[in-house]
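J.: Take this structure first; my questions come after.
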Amino acid sequence: MNPHAKLITSLSLLLGTTITISSNHWMMVWTGLEINTLAIIPLISKSHHPRAIEAAIKYFLVQAAASTLVLFSSTINAWHTGQWDLTQLTHPTSCLLLTAAIAMKLGLVPFHFWFPEVLQGSSLTTALLLSTVMKFPPITILYMSSHSLNPTLLTTMAIASAALGGWMGLNQTQIRKILAFSSISHLGWMSIIIIYSPKLTLLTFYLYSLMTTTVFLILNTTKTMKLSTIMISWTKTPMLNATLMLTLLSLAGLPPLTGFLPKWLIIHELTKQEMTVAATVIAMLSLLGLFFYLRLAYYSTITLPPNSTNHMKQWHINKLTNTPIAIVASLSMLLLPLSPMILISI
């Protein structure tokens, strides 16, 4: 991709995200979302592969529909209340339309169909952006308007997302699709708690972004796209693969890794809100996700490839240490001891 084009798209992504997260007026929020959508499309379609073009078209159509719903929702609210303020969303129809629009933007069930397909058609770097940076503006809109959303609707969508994200990821062989369903499952955890503790949703999103960034950076370094190639990469980069295994277990939410912290806090908060049944159901559904994370971890470190390799294992690769991976991997695994400090800030 042309460096100037890459610079423009990167700056546009930064601009769109900044406008959305710093605005109170609905029109500015919508403008930021549109800039974001238009900036990411060249990055999705840059390989000119038919699958990439298809992914870009699907992404554009879904995001355009979601942006239309955001505009429609805010216009109805302004018509009835005279308010264009993001925090003054009071009309019931507007709240319902906004929930549907943000669910489409994020890929929550039942508007999840586009997300695995778009991720599968994108490169690993673009898939990382779609899974983390592009989710941030819609999450902030939910955060700002959380007091006026419907709790029953959000809880239903959250549990359905956790169930489908776990269930559909079980028999996938493409790693990008597995991570897409993992994202849907984690969004379920974020949206179930948004009404009761919005700060906890943001914390969960930050930690999820951290762990997902680690996974994508490692996969990008080892050039791994599917389960059959992850088995062979063990002989080339054993330390990276061991790090990948621990990060995947952290994504699954196993203690004493970082990923256990948000799930523990969410279950604690749901229990305090007397939503014990919802907490139990979503905790049981996370076992489905644990299964395919364990499967990935098993493939990446324990399974040897079926064909025998005649060369010695390379215990180091002839290149400089990748500092960003080292930093994000350490944070993805070792943040749990800081939980008392995080609890005070929440």
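Here the UniProt record's numbering is used: the first residue of the sequence shown is 1, the next is one more, and so on.
The C-beta atom is built at its ideal place from N, Cα and C for all residues, glycine as well.
Would you check if the distance between the CB atom of Ile-195 and the CB atom of Ser-233 is smaller than 8 Å?
T.: Residue numbering aside, residue 195 sits at position 195 when the sequence shown is read from its first letter. Residue numbering aside, residue 233 sits at position 233 when the sequence shown is read from its first letter. Going by C-beta atoms, Ile-195 is not nearer than 8 Å to Ser-233.
J.: According to DSSP, what are the bridge partners of Lys-226?
T.: The sequence position of residue 226 within the sequence shown is 226, counting from 1. Answer is Gln-174.
J.: Quick check: the stretch 29–44 against the stretch 10–21, are at least 3 beta-carbon pairs closer than 8 Å?
T.: A contact exists between the stretch 10–21 and the stretch 29–44.
J.: Look at the alpha carbon of Lys-105 and the alpha carbon of Tyr-299, and state the distance between them as a whole number of angstroms.
T.: Along the sequence shown, read from residue 1 onward, the residue named residue 105 stands at position 105. Along the sequence shown, read from residue 1 onward, the residue named residue 299 stands at position 299. Going from the Cα of Lys-105 to the Cα of Tyr-299 covers about 32 Å.
J.: Just the C-alpha distance for Leu-257 and Ser-339, rounded to the nearest angstrom, thanks.
T.: The count along the sequence shown starts at 1 and reaches residue 257 at position 257. The count along the sequence shown starts at 1 and reaches residue 339 at position 339. Approximately 11 Å between the Cα atoms of the pair.
J.: Rounded to whole angstroms, what is the Cα-Cα separation between Thr-229 and Thr-243?
T.: By one-based count along the sequence shown, residue 229 stands at place 229. By one-based count along the sequence shown, residue 243 stands at place 243. Roughly 17 Å separates the two Cα atoms.
J.: Determine, using beta carbons only, whether Val-29 and Leu-86 come nearer to each other than 8 Å.
T.: Here residue 29 refers to the residue found at position 29 when the sequence shown is read from its first residue. Here residue 86 refers to the residue found at position 86 when the sequence shown is read from its first residue. A contact, by the Cβ cut-off of 8 Å.
J.: Do the CB positions of Met-157 and Val-118 come within less than 8 Å of each other?
T.: Taking the sequence shown and counting its residues from 1, the one referred to as residue 157 is at position 157. Taking the sequence shown and counting its residues from 1, the one referred to as residue 118 is at position 118. Going by C-beta atoms, Met-157 is not nearer than 8 Å to Val-118.
J.: Take Ala-278 and list the residues in its own chain whose beta-carbon comes closer than 7 Å to its own, dropping the five residues that flank it on each side.
T.: Start at 1 with the first residue of the sequence shown, and residue 278 comes out as number 278. Excluding sequence neighbours, Ala-278 sits near Thr-155, Ile-159, Ile-192, Leu-270.
J.: Whose C-beta lies closer than 6 Å to the C-beta of residue 351 among residues of the same chain, with five residues either side of it excluded?
T.: In the structure displayed, the chain extends from 1 to 346; residue 351 sits before or after that span and is not available.
J.: Looking at the unbroken alpha helix (DSSP H) that takes in Met-284, where does it start and where does it end?
T.: If you number the sequence shown from 1, residue 284 lands on position 284. Here the alpha helix (DSSP H) through Met-284 covers 276–297.
J.: Throw me the rounded Cβ distance for the Lys-199 and Ile-346 pair, which I believe falls under 8 Å.
T.: Along the sequence shown, one-based indexing puts residue 199 at 199. Along the sequence shown, one-based indexing puts residue 346 at 346. Lys-199 to Ile-346, Cβ: 5 Å. Contact.
J.: What do you get for Ala-163, buried or exposed, if any count of 16 or more other CB atoms within 10 angstroms of its CB means buried?
T.: In the sequence shown, residue 163 corresponds to position 163, counting from 1. Result: buried.
J.: For my contact list, Ile-44 and Ser-122 are in at a C-beta cut-off of 8 Å; report their separation, rounded to the angstrom.
T.: Taking the first residue of the sequence shown as position 1, residue 44 is located at position 44. Taking the first residue of the sequence shown as position 1, residue 122 is located at position 122. So it is a contact: roughly 5 Å between Cβ atoms.
J.: Between the C-alpha atoms of Thr-81 and Thr-140, what's the straight-line distance to the nearest angstrom?
T.: Numbered from its first residue, the sequence shown carries residue 81 at position 81. Numbered from its first residue, the sequence shown carries residue 140 at position 140. Spanning the two alpha carbons is a distance of roughly 22 Å.
J.: For His-147, which of helix, strand or coil comes out of DSSP?
T.: Within the sequence shown, numbered from 1, the residue matching residue 147 stands at position 147. Three-state result, His-147: helix.
J.: State yes or no: is the C-beta of Ser-286 within less than 8 Å of the C-beta of Gly-259?
T.: By 1-based counting over the sequence shown, the position of residue 286 is 286. By 1-based counting over the sequence shown, the position of residue 259 is 259. No; because the gap between Cβ atoms is not below 8 Å, this pair is not in contact.
J.: Report yes if the C-beta distance between Thr-247 and Met-211 is below 8 Å; otherwise report no.
T.: Along the sequence shown, one-based indexing puts residue 247 at 247. Along the sequence shown, one-based indexing puts residue 211 at 211. Yes, Cβ-Cβ distance for Thr-247 and Met-211 is below 8 Å.
J.: Given a cut-off of 8 Å, decide if Leu-261 and Tyr-293 are closer than it, judged by their beta-carbon atoms.
T.: Taking the first residue of the sequence shown as 1, we reach residue 293 at position 293. Taking the first residue of the sequence shown as 1, we reach residue 261 at position 261. No, they are not a contact pair.
J.: Verify whether the separation of the beta carbon atoms of Ser-94 and Ser-67 is less than 8 Å.
T.: Stepping through the sequence shown from its first residue, residue 94 is reached at position 94. Stepping through the sequence shown from its first residue, residue 67 is reached at position 67. Cβ distance not < 8 Å, so Ser-94 and Ser-67 don't count as in contact.
J.: How many Å lie between His-4 and Ser-10 at the Cα?
T.: Working through the sequence shown from its first residue, we reach residue 4 at position 4. Working through the sequence shown from its first residue, we reach residue 10 at position 10. Each residue's Cα considered, the two are about 10 Å apart.
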